[in-house]
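*Asks:* Using full-length UniProt numbering, read the sequence shown as starting at 1 and increasing by one per residue.
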Amino acid sequence: MASLLCAQHRNPLQVIEKQLSNGMQVWLNEDHTRPQVFGAVVVKAGSKDSPNTGIAHYFEHIMFKGTDKIGTVDYLSEKPWLDSIATKYDELANTKDAIRRSQIQKDINRLSRKAGEYAIPNEFETLIQKFGGTGLNAYTSTDETVYYNFFLPHYIDQWCELNSERLISPVFRLFQGELEAVYEEKNRASDDVFRSAMDDIQRHIFAGTPYAYPIIGSTESIKNPQLSAMSEFYQRYYVAGNMGLVLCGDIDADAIMPLLERTFGRIRPGKAPISAPTHLPSFTNHDVFHVKIPVPVVKIAGYVLHAPTNRDPDYVPFTLALALLSNSEGTGLLDSLSNSHRVMMATAGQMSFKDVAVAYFGYVPKLPFGSRKTADRLCRKQIEKLKHGQFTDQALEVIKQNSEKKRQLRLEGIDTRRFEMINAMSHGLTWSDYLQQDQDLMRVTKTDIVRVTNRYFNGDYMQVVKRYGSNRKEKVAQPDYRPVTPKHAGTQSSYAKALEQQSVKAVMPRLPDFDHDVKTVQMAPLVTFYSVPNPVNDLFKLQLIYHKGRREDNRLTAVADYLSLIGTYDLPLHRFRKALGELGASIDFEAGNDAFTITLSGFDRHLVPSLALLRQLMTRAKADPRMMKDLIHSARIDQKTFFKVPVNITNAVVNRVIYGSRSPYLTQLTASQLKKMDGEALINIFKSLQTNELSIAYSGRLNVDSVTEAVRRHVDLRQVTVPHSFTHRPLMTYDRPAVYFYDVPTARQTTVCTYLSLPAMPTEQARARFALWSQYFGSGMSSILFQDIREFRALAYAVNGQRIMPSIIAHRDDPTGYLAYLGTQSDKTMQAIGVLDSLFSAMPLRESGMAAARQGVINRINNDYPDFRDMARDIALWRTAGYSAAPDKALSELLPHLSLSDITSFYTNYVRKVPRVLIVVGNKRMLDMQKLATFGPVIELKKQLIVGHR
Numbered sequence: 001m002a003s004l005l006c007a008q009h010r011n012p013l014q015v016i017e018k019q020l021s022n023g024m025q026v027w028l029n030e031d032h033t034r035p036q037v038f039g040a041v042v043v044k045a046g047s048k049d050s051p052n053t054g055i056a057h058y059f060e061h062i063m064f065k066g067t068d069k070i071g072t073v074d075y076l077s078e079k080p081w082l083d084s085i086a087t088k089y090d091e092l093a094n095t096k097d098a099i100r101r102s103q104i105q106k107d108i109n110r111l112s113r114k115a116g117e118y119a120i121p122n123e124f125e126t127l128i129q130k131f132g133g134t135g136l137n138a139y140t141s142t143d144e145t146v147y148y149n150f151f152l153p154h155y156i157d158q159w160c161e162l163n164s165e166r167l168i169s170p171v172f173r174l175f176q177g178e179l180e181a182v183y184e185e186k187n188r189a190s191d192d193v194f195r196s197a198m199d200d201i202q203r204h205i206f207a208g209t210p211y212a213y214p215i216i217g218s219t220e221s222i223k224n225p226q227l228s229a230m231s232e233f234y235q236r237y238y239v240a241g242n243m244g245l246v247l248c249g250d251i252d253a254d255a256i257m258p259l260l261e262r263t264f265g266r267i268r269p270g271k272a273p274i275s276a277p278t279h280l281p282s283f284t285n286h287d288v289f290h291v292k293i294p295v296p297v298v299k300i301a302g303y304v305l306h307a308p309t310n311r312d313p314d315y316v317p318f319t320l321a322l323a324l325l326s327n328s329e330g331t332g333l334l335d336s337l338s339n340s341h342r343v344m345m346a347t348a349g350q351m352s353f354k355d356v357a358v359a360y361f362g363y364v365p366k367l368p369f370g371s372r373k374t375a376d377r378l379c380r381k382q383i384e385k386l387k388h389g390q391f392t393d394q395a396l397e398v399i400k401q402n403s404e405k406k407r408q409l410r411l412e413g414i415d416t417r418r419f420e421m422i423n424a425m426s427h428g429l430t431w432s433d434y435l436q437q438d439q440d441l442m443r444v445t446k447t448d449i450v451r452v453t454n455r456y457f458n459g460d461y462m463q464v465v466k467r468y469g470s471n472r473k474e475k476v477a478q479p480d481y482r483p484v485t486p487k488h489a490g491t492q493s494s495y496a497k498a499l500e501q502q503s504v505k506a507v508m509p510r511l512p513d514f515d516h517d518v519k520t521v522q523m524a525p526l527v528t529f530y531s532v533p534n535p536v537n538d539l540f541k542l543q544l545i546y547h548k549g550r551r552e553d554n555r556l557t558a559v560a561d562y563l564s565l566i567g568t569y570d571l572p573l574h575r576f577r578k579a580l581g582e583l584g585a586s587i588d589f590e591a592g593n594d595a596f597t598i599t600l601s602g603f604d605r606h607l608v609p610s611l612a613l614l615r616q617l618m619t620r621a622k623a624d625p626r627m628m629k630d631l632i633h634s635a636r637i638d639q640k641t642f643f644k645v646p647v648n649i650t651n652a653v654v655n656r657v658i659y660g661s662r663s664p665y666l667t668q669l670t671a672s673q674l675k676k677m678d679g680e681a682l683i684n685i686f687k688s689l690q691t692n693e694l695s696i697a698y699s700g701r702l703n704v705d706s707v708t709e710a711v712r713r714h715v716d717l718r719q720v721t722v723p724h725s726f727t728h729r730p731l732m733t734y735d736r737p738a739v740y741f742y743d744v745p746t747a748r749q750t751t752v753c754t755y756l757s758l759p760a761m762p763t764e765q766a767r768a769r770f771a772l773w774s775q776y777f778g779s780g781m782s783s784i785l786f787q788d789i790r791e792f793r794a795l796a797y798a799v800n801g802q803r804i805m806p807s808i809i810a811h812r813d814d815p816t817g818y819l820a821y822l823g824t825q826s827d828k829t830m831q832a833i834g835v836l837d838s839l840f841s842a843m844p845l846r847e848s849g850m851a852a853a854r855q856g857v858i859n860r861i862n863n864d865y866p867d868f869r870d871m872a873r874d875i876a877l878w879r880t881a882g883y884s885a886a887p888d889k890a891l892s893e894l895l896p897h898l899s900l901s902d903i904t905s906f907y908t909n910y911v912r913k914v915p916r917v918l919i920v921v922g923n924k925r926m927l928d929m930q931k932l933a934t935f936g937p938v939i940e941l942k943k944q945l946i947v948g949h950r
């Protein structure tokens with residue numbers, strides 16, 4: 001009982017640091033605000049420990065393939081084939097002759113197909129999902145590799161068992177498929193011209209250090225992976241003394257250590273080899289580096305300089321110095337240049353790794369004819385002010401207050417706190433070191449700022465200047481492999497059967513309770529106030545949600561953008577931002593599909609004066625013609641760069657097919673339309689908006705009466721007289737197959753989607769079956785799409801599916817839809833399309849997949865439980881949409897009663913016979929257009945049809 005009471009009152013910001021007997025670090029953060037746990041294994045080794053080889057990243061992929069117990073029906077029989085494959089990859093890496101390489105690859109393919117006869121694909125992910133997990137993933141960074149997911153608290157034993165077992169004896173099985181997945185990843189990166197530019201900059205900044213290379217490795221290394229090198233990497237770095245465990249959420253920190261010792265305590269002890277610390281060379285002798293970016297007209301330039309890492313005593317004062325130059329409140333010395341229209345944009349920031357860090361400042365001159373030389377001089381002048389202490393003590397105190405607020409915000413919820421814990425651990429900090437930075441921050445003086453600014457802004461820098469153009473794309477071609485088709489998909493290993501014998505209490509998902517999780521006050525006939533207490537800190541968030549969105553008025557996005565650029569008749573922009581900054585407050589605007597949200601946040605003690613500033617902006621906003629010009633210039637830049645980003649093109653094409661002329665990409669305001677308006681027009685639209693039905697969501701520590709009274713004084717509720725009415729955007733329906741194609745001549749990757757226009761799902765039973773089928777068919781690594789397209793055949797890096805449902809109760813009788821998506825290499829496109837189409841026409845039935853799908857839906861419902869910051873807003877939006885209880889309530893009650901026959905009947909009645917619409921975005925020259933036409937008449941879309949006259 002004492003332990004339970006202690007747990008209930010434990011500070012959710014407390015992190016308990018422990019160490020297992022084998023030397024593994026353990027950080028425990030107990031937080032019962034949400035019914036979930038975030039678990040992560042942190043390996044303190046990343047791409048810098050295998051520079052330019054991609055080995056750390058390759059090994060991250062391998063860690064999902066199981067062990068000598070997980071993912072195999074007979075490891076002793078499988079192992080000789082796997083050993084032979086490893087030998088062949090070593091031979092391939094040492095062979096240059098193309099003919100001989102081709103033969104070796106065929107040998108690897110033959111051996112892989114034999115080894116595949118023993119493999120159980122994705123068994124690890126299936127078990128994670130079966131035992132309450134969602135969001136299973138990993139990432140490789142320069143300094144660390146992290147494996148993580150969320151899970152339901154009552155599955156803590158199984159999570160620890162599985163995640164410790166995967167680290168003890170990982171097996172390099174089904175590597176051929178992961179090799180091709182990495183090829184896909186490399187080609188995706190090559191198609192992203194902005195990412196390519198950033199890689200180019202990083203390569204020059206960190207030249208001569210392990211940080212210069214891309215995480216994924218060089219093209220040459222990707223073509224020549226060595227399993228033996230990966231094994232050596234595992235032996236060196238995957239030891240307990242070089243690893244950490246992070247558990248954050250609904251746990252009992254006082255009782256969990258014996259479990260962790262039994263599971264993670266089994267990991268091989270040892271410490272990673274000590275490597276010499278990395279040091280950046282001087283930038284003094286560097287020439288100007290010109291980076292190619294395919295953005296016309298806009299001039300961009302900046303400087304990169306040395307900076308302290310987050311383990312350096314100078315880190316905190318230097319971070320504050322940068323904030324005095326540029327900050328999110330727009331009150332810095334460099335920010336003042338854009339506030340006063342002397343440059344289009346000026347900013348400063350930093351990038352910190354474990355061993356090295358850099359800072360930067362950069363600028364965009366006024367458009368269209370601003371001088372780079374002038375902008376450069378203006379920025380340097382502001383930096384000189386900082387170096388000479390030409391800023392007030394009050395300005396420093398304001399920056400310290402706002403920095404403290406941002407740190408508190410990063411710590412207050414599991415979603416952000418978990419990454420602070422991971423980054424601190426991987427960079428060699430204790431949690432006490434991390435928290436000490438809060439105290440250090442408040443002790444920083446003006447003298448400290450001047451000292452660090454002069455130390456680091458000292459002339460030792462690299463200049464980076466944008467040049468129009470694009471880098472040459474590298475491409476990794478698909479080897480001539482036959483797909484490996486494991487015979488045991490859905491089979492259980494002996495290990496999995498034994499794990500299932502452990503008894504687990506069935507727990508229903510926790511759902512938001514409209515009556516108890518928020519306090520509701522009807523402040524006026526069309527104004528409802530929702531309040532949730534803040535259990536963590538003294539920061540508030542107040543959201544005014546006007547129920548009218550961009551679907552009804554496409555100008556609202558411009559309104560939201562413009563309001564962030566102007567001041568009031570009483571306070572010009574720079575003074576308005578300064579006043580907000582002094583209070584530690586911020587105001588943000590967002591135009592959503594169905595609502596326009598004003599978010600005011602800050603310290604509870606400053607709620608009333610913060611509301612007074614918001615009132616000024618709501619009632620006395622002053623138009624600024626120069627900011628209107630900047631808004632138009634920004635819109636033009638967005639339009640010019642739109643087609644440089646592959647995902648933009650795909651989204652525009654998909655929305656055109658799904659919504660037709662109602663696509664948001666066709667209805668959004670263009671730069672030309674914006675040019676015909678002025679700032680006064682946008683302000684008038686904003687004032688008119690304030691007559692619409694209003695929900696107010698508050699999270700903080702003040703009592704409801706005091707907050708509602710403050711709102712009544714500062715927000716005119718009498719003018720709220722227009723009831724909400726949702727603008728309906730129905731889905732397109734198709735009664736025959738078709739192929740919609742968009743040509744991207746430079747693309748190395750192809751995006752393929754299949755869209756099904758389905759009938760209405762008016763009953764809860766029909767919607768529950770749809771949700772279960774959607775999970776079974778296309779969600780997660782256990783789904784049909786992932787298994788049959790990526791895992792079995794290595795035809796795509798990304799593959800998934802999603803259902804498209806009306807979000808409004810009143811539209812429950814409207815048609816629904818389903819969209820399947822995959823990204824693949826151009827030379828594998830036709831094969832990928834064929835497999836995708838076959839899965840829709842003859843869906844495989846797997847009992848194990850059904851169990852995983854049902855548990856996956858339960859896990860998703862539970863882990864989607866909102867935190868205290870989002871609870872009031874979510875319930876307000878749900879209620880406005882017509883819900884009297886959480887949208888997933890009926891689904892969670894029906895799930896236990898559904899079976900594989902429900903999936904089968906849904907597929908038979910709704911999916912199999914529906915005409916399929918194929919969407920293809922890729923390079924026409926590299927595709928078989930004649931074969932594509934066999935899936936339906938090909939309709940080639942042009943730019944105007946997907947984005948209009950932009």
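Backbone N, C-alpha and C fix where the C-beta goes; we use that ideal spot for every residue, glycine too.
Beta-carbon separation of Phe589 and Gly549 under 9 Å?
*Replies:* No, the pair does not count as a contact, with Cβ atoms beyond the cut-off.
*Asks:* Alpha carbon to alpha carbon, how far is Val171 from Ser228? Give it in angstroms, no decimals.
*Replies:* So the alpha carbons of these two residues sit roughly 12 Å apart.
*Asks:* Just curious, the alpha helix (DSSP H) that Met508 is in, first and last residue?
*Replies:* Careful: Met508 lies outside any alpha helix (DSSP H) and carries neither H nor E.
*Asks:* Taking 6 Å as the limit between beta carbons, can you name the residues of its chain near Ala240, skipping five residues before and five after?
*Replies:* Hits under 6 Å: Asn22, Gly23, Met24, Ile267 and Pro269.
*Asks:* Which first and last residues belong to the alpha helix (DSSP H) in which Asn651 is found?
*Replies:* Start and end: Pro646 to Tyr659.
*Asks:* For Lys130, which residues in the same chain have their Cβ closer than 7 Å to its Cβ, ignoring the five residues on either side in sequence?
*Replies:* Excluding residues within five positions, the ones whose Cβ falls inside 7 Å are Ala851, Ala852 and Gln855.
*Asks:* In chain order, what are the residue ranges of uninterrupted beta strand (DSSP E) at least 3 long that sit wholly in the stretch 313-385?
*Replies:* The stretch 313-385 contains these whole beta strand (DSSP E) runs: 345-352 and 357-364.
*Asks:* Whose C-beta lies closer than 7 Å to the C-beta of Thr142 among residues of the same chain, with five residues either side of it excluded?
*Replies:* So the list reads Gly46, Ser47, Lys48, Tyr211, Ile215 and Phe353, once near-sequence residues are dropped.
*Asks:* Would you give the residue range spanned by the beta strand (DSSP E) that Gly679 belongs to?
*Replies:* Counting along the chain, Gly679 falls outside any beta strand (DSSP E), though it belongs to the alpha helix (DSSP H) covering Gly679 to Leu689.
*Asks:* Which residues in the same chain have their Cβ closer than 7 Å to the Cβ of Leu836, if we skip the five residues on either side of it in sequence?
*Replies:* Around Leu836: Val752, Thr754, Ile789, Ala820 and Leu822.
*Asks:* From the DSSP output, in three-state form, read off Gln522 for me.
*Replies:* Correct three-state label for Gln522: strand.
*Asks:* Can you tell me whether DSSP reads Ile108 as helix, strand or coil?
*Replies:* Ile108 falls in the helix class under three-state DSSP.
*Asks:* At which residues does the beta strand (DSSP E) containing Met462 begin and terminate?
*Replies:* Met462 -> beta strand (DSSP E) spans Tyr461 to Tyr468.
*Asks:* Excluding the five sequence neighbours on either side, which residues of its own chain have a C-beta within less than 8 Å of the C-beta of Pro365, listed in chain order?
*Replies:* Excluding sequence neighbours, Pro365 sits near Lys299, Val343, Met344, Ser371, Arg372, Thr374 and Ala375.
*Asks:* Can you check which of these residues, Ala832, Met761 and Phe840, is closest to Met805 by C-alpha distance?
*Replies:* For Met805, the nearest C-alpha among the options comes from Met761.
*Asks:* I need the boundaries of the beta strand (DSSP E) containing Tyr546, first residue and last residue.
*Replies:* Start and end: Leu539 to Tyr546.
*Asks:* Cβ of Met63 within 9 Å of Cβ of Tyr147?
*Replies:* Contact flag set, yes.
*Asks:* What's the C-alpha gap between Glu893 and Val304?
*Replies:* Computed Cα separation, rounded: 57 Å.
*Asks:* Under 8 Å by Cβ, that's how I've got Gly39 and Leu247 pegged, so tell me the actual separation to the nearest angstrom.
*Replies:* With a Cβ gap of about 5 Å, Gly39 and Leu247 count as contacting.
*Asks:* Taking the C-alpha atoms as reference points, what is the distance between Arg925 and Ile919?
*Replies:* Cα-Cα distance, rounded: 17 Å.
*Asks:* Evaluate the contact criterion for the stretch 760-778 versus the stretch 906-913: three or more CB pairs, one atom per stretch, below 8 Å.
*Replies:* Contact holds: three or more Cβ-Cβ distances are below 8 Å.
*Asks:* Using a Cβ-Cβ cut-off of 8 Å (strictly less than) and excluding sequence neighbours within five positions of Pro625, which residues of its own chain qualify?
*Replies:* Around Pro625: Asp678 and Gly679.
*Asks:* Would you mind sorting Lys497 into buried or exposed? The rule is 16 or more other CB atoms within 10 Å of its CB.
*Replies:* Result: exposed.
*Asks:* Is the stretch 689-697 in contact with the stretch 720-740, if contact means three or more CB pairs nearer than 8 Å?
*Replies:* At 8 Å Cβ cutoff, the stretches touch.
*Asks:* From Ser782, Glu220, Ile649 and Pro153, pick the residue whose C-alpha is nearest to that of Thr53; which is it?
*Replies:* Considering only alpha carbons, the answer is Glu220.
*Asks:* Taking all protein chains shown into account, do 16 or more other C-beta atoms lie within 10 angstroms of the C-beta of Asp638, making it buried, or fewer, making it exposed?
*Replies:* When all chains shown are included, Asp638 counts as exposed.
*Asks:* Buried or exposed for Gly778, please, with buried defined as at least 16 other CB atoms from any protein chain shown within 10 angstroms of its CB.
*Replies:* Buried, since its Cβ has 16 or more Cβ neighbours within 10 Å.
*Asks:* Quick one: give me the first and last residue of the beta strand (DSSP E) that residue 999 is part of.
*Replies:* No answer is possible for residue 999: it lies beyond the span of the chain, which begins at 1 and ends at 950.
*Asks:* Which residue or residues does DSSP assign as beta-bridge partners of His290?
*Replies:* DSSP, once it has assigned bridges, lists Val465 as partnering His290.
*Asks:* Return the CA-CA distance between Gly780 and Asn800, expressed in angstroms with no decimal places.
*Replies:* If you take the alpha carbons of Gly780 and Asn800, they lie about 7 Å apart.
*Asks:* Would you kindly check if the distance between the Cβ of Tyr546 and the Cβ of Gln690 is under 9 Å?
*Replies:* The answer is yes: Cβ separation under 9 Å.
*Asks:* Which stretch, first to last residue, makes up the alpha helix (DSSP H) that contains Gln202?
*Replies:* First-last of the alpha helix (DSSP H) with Gln202: Val193 to Ile205.
*Asks:* Would you kindly check if the distance between the Cβ of Thr816 and the Cβ of Leu895 is under 9 Å?
*Replies:* Contact: no.
*Asks:* So, are the CB atoms of Leu542 and Leu583 less than 9 Å apart?
*Replies:* No, Cβ-Cβ distance for Leu542 and Leu583 is not below 9 Å.
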